[in-house]
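Residue numbers (this note's numbering): 79 to 920.
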């Protein structure tokens with residue numbers, strides 16, 4: 079309890095100025111003298127102050143007094159006006175009454191209070207009596223409050239003040255269905271209350287959309303490509319680094335940084351390009367995993383919630399694996415138009431030997447029909463041999479010529495009339511040493527295409543394939559579209575299949591028990607029109623692109639204990655698998671809760687006042703200024719965030735200065751033995767808000783937030799902002815946060831300003847003086863999308879904020895069905911990530 083003593087200002091007035099005119103002037107001067115010099119004021123203000131019979135009294139001391147058992151307050155509301163002050167104290171001091179602004183209700187005792195000893199009437203506390211013992215009383219009180227709101231005020235109108243908030247726990251909606259139905263009746267009648275959804279936002283990463291261990295992907299290390307199982311690749315990274323262990327929706331999630339790249343495609347331009355991988359993740363899963371078999375026996379496997387790009391209704395969209403149907407078309411490649419780092423020469427016998435067409439063809443021969451023997455204790459010779467049919471004289475001569483011309487080696491021949499074979503062989507320690515470096519594995523069942531060839535230009539690859547097909551290719555009908563390649567090893571077939579993607583070769587894969595095959599296919603040569611690409615813009619771009627569509631032929635369930643994914647693959651957020659199919663990446667970053675405030679802060683009451691300052695970032699304006707250059711956009715965004723930081727720090731400096739000058743006595747009072755003030759400004763929140771995300775992404779991408787391309791760009795912007803805020807927190811040590819702020823007035827004001835500055839670029843809602851930007855990351859209010867889609871899109875941004883995240887549900891109908899609202903309340907929190915929503919009547 080605080081008592082403030084005031085100096086008596088009823089001073090003796092000199093006789094020389096006792097006339098009314100002089101006294102009036104003296105009073106003005108006297109009152110002006112009491113106001114600090116840096117406070118904006120005017121003589122007119124003081125004149126009004128004197129005429130109103132109100133005087134300023136200076137606070138000269140503040141001390142703590144002992145409070146009685148109860149404390150009291152008044153709500154002053156004469157004639158329906160919210161005056162919120164009254165005269166009190168010994169000197170008729172004007173004091174403010176408590177603002178009763180909101181009621182936040184739980185349907186049951188909150189978990190964090192259940193084990194705490196309850197304070198009973200009279201202040202009695204019994205250790206064996208906790209708040210959990212008052213579950214029935216909690217429910218009774220909740221129902222009583224809802225009944226009051228249902229009845230409305232004395233005229234039958236809704237209570238809009240105090241604001242009613244209801245806590246919703248997604249996993250407890252069935253348990254509290256009867257109370258939820260009553261709340262739904264209130265929502266149907268008046269459009270209240272606010273629903274506070276207690277989503278599990280503790281996880282930093284929620285990458286439940288992942289793919290199993292054996293799915294092969296294409297990875298670029300130092301611009302050299304390799305195909306590798308995603309599980310093997312990520313396990314290697316986890317072993318070599320110190321991965322972070324975070325709590326995910328399905329348990330522990332391991333996350334590690336990554337400096338490699340993947341192959342990705344741009345949904346706008348349809349161009350295939352390299353994209354940096356930001357992070358990788360792995361975790362155990364309880365989700366179903368589905369394997370999709372496509373044209374040409376291509377396959378793709380992913381968890382049921384994992385997303386993949388496909389073509390639907392003339393558009394490229396992302397769809398969960400569980401929603402894919404037989405007959406759908408996934409996006410893949412028919413050609414990879416990317417060049418990689420290629421070592422043009424290797425060392426042989428102390429000299430540099432160029433990897434040219436002849437050398438590549440020789441390596442192809444060796445991969446298909448070659449054998450290498452390295453000297454050991456038993457056999458002390460080094461030998462390389464090539465086995466051909468006795469009639470394949472052209473190929474035998476080709477190998478002989480390459481060995482002579484390239485390496486100055488003269489082979490011998492072992493001809494078997496019985497087996498109809500002619501084996502070309504050479505004894506050479508130097509050549510064996512060279513092939514040992516090029517081929518990490520070199521027997522018939524473990525050969526892999528050498529890395530040096532995988533990264534080679536197309537012409538070198540073609541010559542390698544010539545040698546390979548001459549060795550084990552099969553063309554019974556002597557026609558180009560009947561060629562088959564048979565190899566005993568699945569890994570080797572996968573290597574060769576990737577090469578066919580490099581050169582645009584139309585091959586299908588077949589796996590049998592003891593033999594793996596590649597067969598020329600007509601599938602990729604089929605016209606794209608057969609796939610019903612109806613959009614005028616997409617059709618010509620697709621025809622000219624290196625992409626292709628692959629029809630889903632079969633869907634089956636498979637198993638994998640661990641699943642893996644890449645996080646934030648460039649701006650496109652997708653990557654290419656070895657099968658030539660694109661997969662979406664994981665980009666579900668969630669914001670961790672801040673531990674900046676301690677329990678003592680809460681108990682001492684120094685966590686108060688909400689945000690010390692809010693600065694709203696005008697995203698559409700940044701988009702206009704960047705002129706659709708994404709790098710420029712991020713550069714301007716960072717500059718705006720720095721300016722917002724400066725504004726917040728300036729506010730902090732001003733408040734501290736005013737506290738030190740004694741201008742904020744109530745906020746500066748000491749509340750504990752540590753000397754903490756009632757308002758510790760360093761512990762308050764400094765908020766960065768945003769406005770117009772929908773208009774921003776529409777200008778930058780041509781798509782809105784409810785469309786996949788716009789949604790992805792928006793999430794990327796939020797992730798960038800989140801990281802910038804995290805960096806500012808680290809730099810300043812202050813509780814900076816990223817939040818959805820109300821900003822209704824800013825939505826209009828900033829739109830009006832931008833309409834004049836950027837008339838040719840301006841995008842907004844409404845017309846003329848009524849134009850406005852959408853609030854924060856809301857979808858366009860008039861967007862023709864179902865409610866679940868709106869909640870899903872907006873909810874995906876909620877975990878990226880530190881607070882204020884809200885979605886508006888427009889009930890629309892004159893008499894909404896409470897049962898329908900109840901169904902929405904029960905189902906949506908379990909399927910969407912929204913943290914707050916408000917049902918509103920129109």
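Even glycine gets a Cβ: it sits at the ideal position worked out from N, Cα and C.
(1) Answer with buried or exposed for residue 726, where buried requires no fewer than 16 other C-beta atoms within 10 angstroms of its C-beta.
(2) Taking just the CA atoms, how far does residue 333 sit from residue 396?
(3) Can you check DSSP and say which residues form a bridge with residue 652?
(4) Taking the C-alpha atoms as reference points, what is the distance between residue 670 and residue 696?
(5) Can you tell me the Cα-Cα spacing of residue 736 and residue 729, whole angstroms?
(6) CA-CA distance, residue 922 and residue 215?
(7) Can you give the Cα-Cα distance for residue 865 and residue 821, rounded to whole angstroms?
(8) Going by DSSP, which residues form a beta bridge with residue 689?
(9) Would you list, in sequence order, the uninterrupted beta strand (DSSP E) runs of no fewer than 3 residues that lie entirely inside the region 264-324?
(10) To the nearest angstrom, how far is the alpha carbon of residue 465 from that of residue 654?
(11) Measure the C-alpha to C-alpha separation of residue 400 and residue 383 and round it to an integer number of angstroms.
(12) How would you call residue 776, buried or exposed, if buried means at least 16 neighbouring beta carbons within 10 angstroms?
(13) Would you kindly report the start and end of the unbroken beta strand (DSSP E) that includes residue 347?
(14) Can you tell me the Cα-Cα spacing of residue 554 and residue 345, whole angstroms?
(15) In the DSSP assignment, what residue or residues form a beta bridge with residue 643?
(16) Looking only at its chain, what residues have a beta carbon closer than 7 Å to the beta carbon of residue 505, apart from the 5 residues adjacent to it on each side?
(17) Report the CB separation of residue 782 from residue 772 in whole angstroms; it is logged as a contact under 8 Å.
(18) By how many angstroms is the C-alpha of residue 191 removed from the C-alpha of residue 206?
(19) In the structure shown, what three-state DSSP assignment does residue 425 receive?
(20) Below 8 Å on the Cβ atoms is my guess for residue 359 versus residue 642; work out the distance and round it to an integer in Å.
(21) Any idea what DSSP makes of residue 901, helix, strand or coil?
(22) Excluding the 5 residues flanking residue 439 on each side, which residues of the same chain have their C-beta closer than 6 Å to its C-beta?
(23) Going by DSSP, what residues sit across from residue 450 in a beta bridge?
(24) Can you name the residues that DSSP bridges to residue 551?
(25) Taking the Cβ atom as the reference point for each residue, do residue 527 and residue 577 lie within a distance shorter than 8 Å?
(26) Comparing C-alpha positions only, which one of 818, 827, 832, 834 sits nearest to residue 854?
(27) So who's on the other strand from residue 626, going by DSSP bridges?
(28) Hey, residue 443 and residue 549: beta-carbon distance below 8 Å or not?
(29) Count the other C-beta atoms from every protein chain shown that fall within 10 angstroms of the C-beta of residue 454, then say buried if there are 16 or more, exposed otherwise.
(30) For residue 365, which of helix, strand or coil comes out of DSSP?
(31) Going straight from the alpha carbon of residue 412 to that of residue 581, what length do you get?
(32) Ignoring anything shorter than 3 residues, give me the beta strand (DSSP E) runs that lie fully in the region 828-889, in order along the chain.
(33) Could you please give me the residues that DSSP links to residue 244 through a beta bridge?
(34) For residue 305, is the classification buried or exposed, using 16 other Cβ atoms within 10 angstroms of its Cβ as the cut-off for buried?
(35) Return the chain-ordered list of same chain residues with a C-beta closer than 7 Å to the C-beta of residue 270, the five sequence neighbours on each side being excluded.
On the basis of the data shown:
(1) Residue 726 comes out buried.
(2) If you draw a straight line from the Cα of residue 396 to the Cα of residue 333, it is about 24 Å long.
(3) DSSP output for residue 652 lists 662 as bridge partner(s).
(4) Bear in mind that the predicted position of residue 670 carries a pLDDT of just 39, short of 50, making it unreliable; the figure below should be weighed with that in mind. Linking residue 670 to residue 696 through their CA atoms gives a straight-line distance of about 25 Å.
(5) Using only the alpha carbons, I get a separation of about 11 Å.
(6) The chain is shown only over 79 to 920; residue 922 falls outside these bounds and no answer can be derived.
(7) Taken atom to atom, the span from the alpha-carbon of residue 865 to that of residue 821 is near 23 Å.
(8) Partner(s): 763.
(9) Taken in chain order, the complete beta strand (DSSP E) segments of 3 or more residues contained in the region 264-324 are 272-275, 294-299, 302-307.
(10) Rounded to the nearest whole angstrom, the CA to CA distance from residue 465 to residue 654 is 36 Å.
(11) Distance between the alpha carbons of residue 400 and residue 383: 7 Å.
(12) Answer is buried; the Cβ neighbour count reaches 16.
(13) Per DSSP, residue 347 belongs to no beta strand (DSSP E) and is neither H nor E.
(14) Confidence at residue 554 is low in this model, with a pLDDT of 46, below 50, so the placement of that residue is unreliable and no value is reported for it.
(15) Its beta-bridge partners are 359.
(16) 459, 460, 461, listed in sequence order.
(17) Indeed, because the Cβ distance is near 6 Å, the residues count as touching under 8 Å.
(18) Each residue's CA atom was taken as its position, placing residue 206 and residue 191 some 14 Å apart.
(19) Looking at residue 425 - three-state DSSP - the assignment turns out to be strand.
(20) Residue 359 to residue 642, Cβ: 7 Å. Contact.
(21) Assignment of residue 901 by DSSP, reduced to helix, strand and coil, places it in the helix class.
(22) Residues 541, 544, 545 of the same chain have their beta carbon placed closer than 6 Å to that of residue 439, with the five preceding and five following residues left out of the count.
(23) 462, per the DSSP bridge assignment.
(24) Paired residues: 563.
(25) Between residue 527 and residue 577, the C-beta gap is smaller than 8 Å, which places the two residues in contact.
(26) Out of 818, 827, 832, 834, the CA that lies nearest to the CA of residue 854 is found in 818.
(27) Answer is 410, bridged to residue 626.
(28) In this structure, residue 443 sits near residue 549, with a CB-CB distance shorter than 8 Å.
(29) With fewer than 16 other Cβ atoms within 10 Å, it is exposed.
(30) Coil, per DSSP.
(31) Taking C-alpha positions only, residue 412 is separated from residue 581 by approximately 9 Å.
(32) You should have 885-888.
(33) Beta-bridge pairing links residue 244 to 183, 273.
(34) Sixteen is the threshold: when 16 or more other Cβ atoms of the shown chains lie within 10 Å of the Cβ of residue 305, as they do, the residue is buried.
(35) Taken in chain order, the residues that qualify are 227, 236, 242, 264.
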